[in-house]
Structures are given as structure tokens and as C-alpha cells.
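In the numbering used here, the protein residues as written are 1 to 310. We put the CB at the ideal spot given by N, CA and C, even for glycine. Read through the structure below, which is laid out as C-alpha cells, and then see the notes.
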């Protein structure tokens with residue numbers, strides 16, 4: 001019964017989507033840990049204290065928040081195991097799917113260890129930044145994995161200029177994320193009152209981050225106009241439009257948090273927005289990329305759905 005479920009394409013797609021959502025969710029819960037000052041709620045790793053693997057009453061709500069985030073890692077791992085098992089069962093139907101699932105599992109393990117190193121280094125801002133950026137890599141792996149379970153070979157081949165544009169937009173989006181982590185590492189939300197800061201001037205790095213965002217928005221707008229002028233399929237122009245809308249929404253949240261003194265709920269919303277910008281960026285990149293490997297087969301219900309939106 002279980003094996004027959006793992007052989008169903010819909011189960012694979014849903015498991016892949018759940019992995020993507022869980023990876024985004026754990027970024028937000030990790031942000032909650034930092035923003036509530038609970039980064040050292042469990043002061044060591046892999047134990048929560050030297051004597052216990054779980055939080056204790058004496059550690060208060062900070063321990064509960066930090067331990068809760070650690071627990072979610074196991075939930076993410078369980079979802080990824082299901083997705084990997086389904087990918088193994090269906091590896092001949094979609095070439096390259098199993099490799100994506102394996103990389104994703106390896107990334108989750110690496111991220112868990114990196115999180116432990118971050119705790120043991122007392123929330124050093126550079127390891128905190130690496131921890132967040134590793135999550136962005138994981139989200140990219142999860143997105144590609146999900147994309148492979150649902151995408152169909154495009155009927156429209158993007159010109160080289162548009163493919164290059166997609167790569168440039170992705171590179172700038174990644175740069176925005178890196179600069180955003182530097183802003184965070186220089187600001188007040190360190191995760192613990194004893195945690196170090198980068199030493200950079202927050203106003204200066206915030207300006208650099210903002211400038212990069214303006215460049216990203218401009219490039220995305222140019223991509224949207226270019227795709228429309230070239231008569232790209234609706235699903236491709238929608239990918240550019242979606243990215244542009246998410247960027248604008250994220251920009252509004254960014255300005256609100258800056259001018260209101262960085263209240264933690266708004267900062268947490270900004271972290272979610274960063275994940276959404278990144279996934280929308282990947283959506284545009286894959287929309288203008290060359291068709292996937294020859295020989296990949298697509299479930300008929302997926303192909304029919306895409307034909308109705310192309």
C-alpha cells in the first residue's frame with residue numbers, strides 16, 4: 001500500500017512542495033529565535049544543556065523557542081525522506097529527480113550541523129549569516145526538485161538575451177540576500193544580548209542593500225517588458241510579473257521596518273519576503289532556461305494543465 005502511494009506522481013509533487021514550504025517555514029522559525037533573543041535559549045549543541053537534550057523549565061520561553069526550532073528540523077527531515085523515497089521509486093520517469101532529492105537531503109544534514117556550530121560559536125554574526133544563506137541554497141534545491149515534479153518542456157525557447165537576463169537577475173537577487181544578511185549582522189537583532197556584531201555601520205550597509213534592491217527591480221521590470229515584446233508564453237511573462245510584484249511588496253516591508261525602528265514582527269515578515277523573492281527569482285530563471293533533459297516524461301494531467309495556461 002505504502003509503495004503504491006510512493007509510485008503516484010501526485011504524491012511525489014505534494015511531498016516536493018511540502019519540502020519547499022517546510023524549508024521556508026524553518027527560515028521563519030529560525031528568524032523568530034533570533035528576533036526574540038532566544039538564540040542561546042539552548043546554549044549548546046547537540047544537547048540543549050550539558051545534561052539534557054530537551055529544554056528545561058529553568059530556561060523559560062527562550063529555551064522553548066530555540067528547542068522548538070531544533071525540533072522542526074526533524075520534521076523537515078522526515079518530509080524530505082518521504083520525498084526522497086518517492087523520487088527513488090519514480091527515478092526512471094523523471095531523469096535527474098533522484099539527484100535533486102539526494103542533494104536536498106545532504107543539504108538538510110549540513111544545515112543542521114552548521115546550526116550547531118552557530119550555537120557553539122555564541123551566534124557569531126558570520127556563522128549566523130552562513131546559516132541563513134545555506135537555507136537559501138536549500139530552498140533553491142527544494143524549488144528545483146519541486147519544479148522537476150511538475151514542469152513540462154516549454155514550447156517556447158527563450159532567446160539567449162533572455163536566458164542571460166534570467167541569470168543576471170538571479171545573481172543580483174543572490175547579492176541582495178547576502179547584503180541583507182550583512183545588514184542583519186550589523187543591526188540590533190543579534191539573537192542574544194551577548195552576541196557579537198559585524199562592526200559595519202548599519203546605515204551604510206542598509207543603503208547598499210537598498211541600492212541592490214533597486215537594481216533588482218529595474219532588471220526584473222526590463223525582463224518583463226522584454227518577454228512581452230518577444231511574445232513569450234503567458235506562463236513565462238507571469239513568472240516575471242510575479243517576481244516584480246513580490247519585490248515591490250518586499251520593498252514596502254523593508255521601508256516600513258527601517259523607518260519604524262525594526263520591530264521584530266515586521267522584520268520577521270521581511271524574512272518571509274526574502275524567501276518569496278528568492279523562490280520567485282528561481283521561477284523566472286527556470287521559465288527562461290532551456291528545456292530539461294531529453295527523455296523526461298510528464299504525467300498527462302500535468303501536461304494538460306500547462307497547455308491550458310501556456
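If you draw a straight line from the C-alpha of residue 140 to the C-alpha of residue 207, how long is it? Within the chain shown, numbered from 1, the residue matching residue 140 stands at position 140. Within the chain shown, numbered from 1, the residue matching residue 207 stands at position 207. If you take the alpha carbons of residue 140 and residue 207, they lie about 26 Å apart.
Just to confirm, is the Cβ distance from residue 181 to residue 129 under 8 Å? In the chain shown, the residue the question calls residue 181 occupies position 181. In the chain shown, the residue the question calls residue 129 occupies position 129. Yes; because the gap between Cβ atoms is below 8 Å, this pair is in contact.
Spatial neighbours of residue 114 within its chain, please: CB distance less than 6 Å, with the 5 preceding and 5 following residues excluded, ordered by chain position. Against the chain shown, residue 114 aligns to sequence position 114. Cβ neighbours of residue 114 beyond the five flanking positions: 131, 134.
Taking the alpha helix (DSSP H) that residue 103 falls in, what are its first and last residues? Translated into the one-based positions of the chain shown, residue 103 becomes position 103. It spans 97-120 - the alpha helix (DSSP H) in which residue 103 sits, taken as one unbroken run.
Boundaries (first-last residue) of the alpha helix (DSSP H) holding residue 220: The residue given as residue 220 occupies position 220 in the chain shown. Segment 202-229, the alpha helix (DSSP H) holding residue 220.
How long is the line joining the alpha carbons of residue 15 and residue 99, rounded to whole angstroms? Residue numbering aside, residue 15 sits at position 15 when the chain shown is read from its first letter. Residue numbering aside, residue 99 sits at position 99 when the chain shown is read from its first letter. Looking at the two C-alpha atoms, the distance is approximately 16 Å.
So, with DSSP's three-state summary, where would you put residue 51? The sequence position of residue 51 within the chain shown is 51, counting from 1. Under the three-state reduction of DSSP output, residue 51 falls in the coil class, being neither helix nor strand.
Spatial neighbours of residue 212 within its chain, please: C-beta separation below 8 Å, excluding the five flanking residues on both sides. Mapped onto the chain shown, residue 212 falls at position 212. Within the same chain, and ignoring the five residues on either side of residue 212 in sequence, the residues whose Cβ sits closer than 8 Å to its Cβ are 172, 175, 176, 179.
Excluding sequence positions up to five away, which residues of its chain have a Cβ less than 7 Å from the Cβ of residue 136? Locating residue 136 in the chain shown gives position 136, counting from the first residue. Once the five neighbours on either side are set aside, the close Cβ partners of residue 136 are 177, 278.
Taking Cβ to Cβ, would you say residue 25 is nearer than 8 Å to residue 123? By one-based count along the chain shown, residue 25 stands at place 25. By one-based count along the chain shown, residue 123 stands at place 123. A distance of 8 Å or more separates the beta carbons of residue 25 and residue 123.
For residue 149, I'd like the list of residues in its chain whose CB is within less than 6 Å of its CB, leaving aside the five on either flank, ordered along the chain. For this step, residue 149 is matched to residue 149 along the chain shown. Only residues of its own chain outside the window of five on either side were considered, and among them 12, 13, 16 have a CB closer than 6 Å to the CB of residue 149, listed in chain order.
My guess is that residue 185 and residue 198 are in contact by the Cβ rule of under 8 Å, so how many angstroms apart are they, rounded? By one-based count along the chain shown, residue 185 stands at place 185. By one-based count along the chain shown, residue 198 stands at place 198. So it is a contact: roughly 4 Å between Cβ atoms.
Do residue 227 and residue 237 count as a contact pair if the criterion is CB distance below 8 Å? As a position in the chain shown, residue 237 is number 237, starting the count at 1. As a position in the chain shown, residue 227 is number 227, starting the count at 1. Their beta carbons are under 8 Å apart, which means residue 237 touches residue 227 by this criterion.
Residue 19 and residue 145 closer than 8 Å at C-beta: Taking the first residue of the chain shown as 1, we reach residue 19 at position 19. Taking the first residue of the chain shown as 1, we reach residue 145 at position 145. Yes, the pair counts as a contact, with Cβ atoms nearer than the cut-off.
Express the C-alpha separation of residue 254 and residue 270 in angstroms, rounding to a whole number. Taking the first residue of the chain shown as 1, we reach residue 270 at position 270. Taking the first residue of the chain shown as 1, we reach residue 254 at position 254. Between residue 270 and residue 254, the C-alpha separation is close to 6 Å.
Can you tell me which of the three DSSP states residue 158 falls into? Counted from its first residue, the chain shown places residue 158 at position 158. Here residue 158 sits in coil by DSSP.
Burial state of residue 88 (16 or more Cβ within 10 Å): In the chain shown, residue 88 corresponds to position 88, counting from 1. Exposed is the call here.
Mapping DSSP to helix, strand and coil, what is residue 88? As a working note, residue 88 is residue 88 in the chain shown. Looking at residue 88 - three-state DSSP - the assignment turns out to be helix.
Near residue 31, what residues of its chain come up, given a Cβ to Cβ distance below 6 Å and the 5 sequence neighbours on each side ignored? Counted from its first residue, the chain shown places residue 31 at position 31. Excluding positions up to five away in sequence, the list reads 268, 271.
When you compare each of 188, 193, 195 to residue 201 by their alpha carbons, which one comes out closest? To locate residue 201, count along the chain shown from 1; it is residue 201. Ranked by Cα distance from residue 201, the options 188, 193, 195 are led by 188.
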